[in-house]
Structure formats: C-alpha cells, structure tokens
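**Student:** Just dropping this structure here.
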Amino acid sequence: MDDNTTQIPTLADTGDVVEAWNDAIFYTDQSGVVVESNDVRLNYLPRTSLKNAFFWNVLALETRSLKETLKRFPPFNIHEISCCDGRSFLMRIIPLPETVAQEGGYVVIATDNQPMEALYESYEERLEDNITAWSDSITLFNAFFDMALDATFLIDDAGTIIAANTAAQKQHSRPEQGLSGEDFRRLLGKRFHAAILNAMHTIQAGKIWTETIVAIDGDGEGFPVEATLRKISFTDYSLFQLILHDLSEHLELQEDLQDQKAEVKEKEIALRQVIKSVEEERKEIREQLTSQVKKQMLPALERITTSDTPAVREGYKTVIEDQLVDLASESSGEFDSELLRLSPREMEVCQLIQLGRSGKEIAELLNMSFETVQTHRKNIRKKLGLRGRKASLFTYLRQKPSLV
Numbered sequence: 069m070d071d072n073t074t075q076i077p078t079l080a081d082t083g084d085v086v087e088a089w090n091d092a093i094f095y096t097d098q099s100g101v102v103v104e105s106n107d108v109r110l111n112y113l114p115r116t117s118l119k120n121a122f123f124w125n126v127l128a129l130e131t132r133s134l135k136e137t138l139k140r141f142p143p144f145n146i147h148e149i150s151c152c153d154g155r156s157f158l159m160r161i162i163p164l165p166e167t168v169a170q171e172g173g174y175v176v177i178a179t180d181n182q183p184m185e186a187l188y189e190s191y192e193e194r195l196e197d198n199i200t201a202w203s204d205s206i207t208l209f210n211a212f213f214d215m216a217l218d219a220t221f222l223i224d225d226a227g228t229i230i231a232a233n234t235a236a237q238k239q240h241s242r243p244e245q246g247l248s249g250e251d252f253r254r255l256l257g258k259r260f261h262a263a264i265l266n267a268m269h270t271i272q273a274g275k276i277w278t279e280t281i282v283a284i285d286g287d288g289e290g291f292p293v294e295a296t297l298r299k300i301s302f303t304d305y306s307l308f309q310l311i312l313h314d315l316s317e318h319l320e321l322q323e324d325l326q327d328q329k330a331e332v333k334e335k336e337i338a339l340r341q342v343i344k345s346v347e348e349e350r351k352e353i354r355e356q357l358t359s360q361v362k363k364q365m366l367p368a369l370e371r372i373t374t375s376d377t378p379a380v381r382e383g384y385k386t387v388i389e390d391q392l393v394d395l396a397s398e399s400s401g402e403f404d405s406e407l408l409r410l411s412p413r414e415m416e417v418c419q420l421i422q423l424g425r426s427g428k429e430i431a432e433l434l435n436m437s438f439e440t441v442q443t444h445r446k447n448i449r450k451k452l453g454l455r456g457r458k459a460s461l462f463t464y465l466r467q468k469p470s471l472v
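Under our numbering, think of the first position of the sequence shown as 69, with each following residue one higher.
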C-alpha cells in the first residue's frame, strides 16, 4: 500500500481481546474493501478470496455497493443474516473513528448463529425439563401430602397455615370454612402455644421437635395428639411442617388394657381363694378318710389276717370293699375311683388342668416350679393309665365330673 492508503491497525495493535474472539472480523477501508481480518471464516459461506474483496460479497449480503449495504444494514445495529441451507449469522457494521483511521473505514463483525441457536435450544430443552420435573415434583408432593393419614400442615414464619392435607381438613376445619390462611395456634390448646412458638424460633433446619399436647378439632373439642414440628429452609424463607397424630384411640386401648389387667388380677385372687378353699376341703376329707380307715378298715384287715376261716376272710373283704365305695361316694357323688390313687398335690394339679390352666399358670398358682408341674403330669398320666396313649390329660379330665 502507498502512503495515501488508509492505515488500518493490525489485529495485534488492537490487543489480545480481538484475537480471543471466535467471530469473523473484517477491517475495511472507506470503500468497504477488506484490508485485514482475523482469519476466522464462517464455513457455510462461499470461499472467496479476501484480496481486494468487498465485505458484502465476502459475507454474501446480496448487495451491490457500500451505500446500498449501509442503507439495508445500518451501522451499529445487529442484523441477523440468513444464507446458505437455512443457516444464519449475526452481523454488525461499526464505522472506525478518525483516531483509528483518518480516511475512514469499517469493522465488520460476523457471528455464527448456530452456537447461539444450539445454546438456546439446549436451554429451552433444559428449561422444559426443569418445568416438567418441577410439575412432577409438585404432583408427587401433593399425592404424598394428601395420602398422609395424620393431619399435616405447612406453616409460614408468621404462623399462617398455607396448606393442609385431607386428614387435617377432616379433623380440624369448621364446616363453613377451610384452614388455609388461618393462624395455626387455633389448632392447639392455649397452654401449648408458647412451647410450640418457642420451638419454631429455636429449631434448626432438618431437626425435629416432638411433644404430646392437646389439639382442638373443628367443633372446638380438645383431644390428645403427638405433635411433630420440622423446619424446611429455602433460599430466602423457611416453612414449617406440623404433623398432629391423634392419640385418642391409643389412650383408649391403654385404658382398656389396664382394665383387663385389673380384671385378670381380680380373677387370679378369686382363683387363689378357690384353690385355698379346695385345699382346706381336701384336707378335711382326707382327715375324715383317715379316721374312717383307722376305725373301720384297719380292724377288718387285721381280722382277715388272723382268721383261719375263708368265709370270714371273704366277709371282711366284702366289708372293706363296701367301705371304700362308701368313702368314694361321700367325697363326691360322682367321684371317679381311679382318682383315688392320686396324691392331694396331684389332685390340685388335675383340678387346674381341668380348668384349662397352662403349666406356667399352674406353677405360679401352686407356688412350684414349671419342672415340678411337668413331673406331676407324668405321674398323673401313669396312675390314670394314660401312659403311652395319645389322649391328652386335659381331654381326659374334661370328660370327668368337675373336680373343684
């Protein structure tokens, strides 16, 4: 170039910033002829030589002169240029100031639109995915929220209820209105307000506060609940999840259980009294039997052993048999003679077995070990001829008249 040619600074003179751009940058003279570029080309534009080429031809702008080009694409504005195969790029024409080029000139910047379009599409897809995920999360939250069996509330920092699930509406709302927008303290007995407000101010995110308190239902009636408070922290605010688990049924079951225990204890005391009475009665009967044996049967046995006459011995044998039958009849109208072989303790065990008591219960009632009870059971089966038979002792005794 001669001295009269407009001097355009080289890319190095404009600094490293320009070199770092991925845009196609063209420096032109005052007539629009490209005199310098950063060697970046848009690969979908026609490959034309830059030597003495007008920038509108290099960029396929379909204009024939600088005047037409500047009129169609005013300087400083950003223009989207559509070209080959549906591709497009952004173009900006910037006139050079006199401090840079005394004779004038232009900087033409062409930016490939494809990365921007791809980025836009990518962000659009990601935005749609995020919106879908957010919508799905809300749907899932609502499903879990409404399916919770316990009354569950979302409360803001001011203590206002912003959401309540179906169980909460059913348990706490008045027929004429819902719970949203209400002060959450109306759900609780007044003496518990201070405790839960203090918990809201002191609880940390992710921590849980639990307390047994009194809640108020939709009719203004109080009932016991287990309250669980959890803080949920977001970027700029916090919410509280309050769960009220109704303990009414649980307490009723506890009371019923206490009543049943008291009833069982009373029956146990009564049974001990019955057993004691039976023992005393058995002792009295045994004393009577002992006396009768000594006074009537032993003398007869002695005469049998001393008499030489068979007829006399047979007669005393008959007397003894009659006495035994009478003794059995006196002790019980339908007493089984097989049970005469049992000891008093074994009779007590049989009485309790006949009543359906377990081995553990028998041991406790008779103040003996479980192993001792099992030993008595074995001896009883042996004496009653049940050894080696499949019949249970309980079944056998249930077929007998009451032993009590």
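The beta-carbon is built from N, C-alpha and C at its ideal position, and this holds for glycine as well. Note that the structure is predicted; figures quoted are calculated from it, not measured.
Starting from P292 and walking both ways along the beta strand (DSSP E), at which residues does that stretch end?
**Tutor:** G290 to S301
**Student:** For E193 and S99, what's the separation of their Cα atoms in angstroms?
**Tutor:** The C-alpha of S99 is placed about 45 Å away from the C-alpha of E193.
**Student:** Looking at the strands, I want to know which residues DSSP matches up with E485.
**Tutor:** Residue coverage of the chain in this structure runs from 69 to 472, which leaves residue 485 outside it and unanswerable.
**Student:** If we require 4 or more residues per run, which alpha helix (DSSP H) segments fall completely within the region 123-159?
**Tutor:** The alpha helix (DSSP H) runs lying completely inside the region 123-159 and spanning 4 residues or more are 123-126 and 134-140, given in chain order.
**Student:** If we require 4 or more residues per run, which alpha helix (DSSP H) segments fall completely within the region 410-464?
**Tutor:** 412-422, 427-433 and 438-451
**Student:** Buried or exposed for M69, going by 16 or more other Cβ atoms inside 10 Å?
**Tutor:** Because the pLDDT of M69 is 44, which lies under 50, any placement of that residue in the model is unreliable, and the question is left without a value.
**Student:** Could you check the C-alpha separation between T443 and L407 for me, to the nearest Å?
**Tutor:** 17 Å
**Student:** Can you tell which of P292, V342 and Q422 has the C-alpha that lies nearest to the C-alpha of I281?
**Tutor:** Residue P292 holds the alpha-carbon nearest to the alpha-carbon of I281 among P292, V342 and Q422.
**Student:** Along the chain, where does the alpha helix (DSSP H) containing L471 start, and where does it finish?
**Tutor:** Here L471 belongs to no alpha helix (DSSP H), and DSSP marks it neither H nor E.
**Student:** Can you tell me the Cβ-Cβ gap for D225 and S306, rounded? I've got them flagged as a contact below 8 Å.
**Tutor:** 6 Å
**Student:** Check for me: the alpha helix (DSSP H) holding L164 runs from which residue to which?
**Tutor:** Where L164 is concerned, there is no enclosing alpha helix (DSSP H), given that its DSSP letter is neither H nor E.
**Student:** What would DSSP say about S306, mapped onto helix, strand or coil?
**Tutor:** strand
**Student:** Considering Cα atoms alone, identify which of E196, A169, Y191 and I149 is closest to T179.
**Tutor:** Sorting E196, A169, Y191 and I149 by C-alpha distance to the C-alpha of T179 places I149 at the top.
**Student:** Measuring CB to CB, does A94 end up less than 8 Å from V176?
**Tutor:** Position check: residue 94 holds Phe in this sequence, whereas Ala was assumed. Yes, the Cβ-Cβ distance between F94 and V176 is below 8 Å.
**Student:** Does the region 135-153 come within contact of the region 112-119, defined as at least 3 CB pairs closer than 8 Å?
**Tutor:** yes
**Student:** From this set, S411, F144, L312 and I448, which residue's C-alpha is nearest A216's C-alpha?
**Tutor:** Here the closest residue by C-alpha is L312.
**Student:** Using only alpha-carbon positions, find the residue among E130, V101 and R132 that is nearest to S117.
**Tutor:** V101
**Student:** Under DSSP, the alpha helix (DSSP H) around I229 begins and ends at which residues?
**Tutor:** Element bounds for I229: not the alpha helix (DSSP H) but the beta strand (DSSP E), I229 to A232.
**Student:** If you follow the alpha helix (DSSP H) that T116 is in, where does it begin and where does it stop?
**Tutor:** No alpha helix (DSSP H) holds T116; DSSP gives it neither H nor E.
**Student:** Does the region 351-363 come into contact with the region 424-432, if we say contact requires no fewer than three beta-carbon pairs (one atom in each stretch) closer than 8 Å?
**Tutor:** no
**Student:** Measuring straight from C-alpha to C-alpha, what distance separates R466 and K458?
**Tutor:** 15 Å
**Student:** Skipping 5 residues on each side, what residues in its chain have a beta carbon closer than 7 Å to that of L451?
**Tutor:** The amino acid at residue 451 is misidentified as Leu; the sequence shows Lys. So the list reads R409 and L410, once near-sequence residues are dropped.
**Student:** For T234, tell me which candidate among S248, T228 and G227 has the shortest Cα-Cα distance.
**Tutor:** That would be S248, whose Cα lies nearest to the Cα of T234.
**Student:** On the DSSP bridge assignment, give the partners of V282 in chain order.
**Tutor:** P292
**Student:** If you follow the beta strand (DSSP E) that I271 is in, where does it begin and where does it stop?
**Tutor:** Counted as a single uninterrupted DSSP element, the stretch harbouring I271 is not any beta strand (DSSP E), since DSSP gives it neither H nor E.
**Student:** Contact check, V417 vs I448 under 8 Å by CB: the rounded distance?
**Tutor:** 7 Å
**Student:** Between the Cα of A273 and those of L129, I343, S359 and K299, spot the shortest distance and give me the residue it belongs to.
**Tutor:** K299
**Student:** What number of angstroms, rounded off, separates the C-alpha of D218 from the C-alpha of D197?
**Tutor:** Using only the alpha carbons, I get a separation of about 33 Å.
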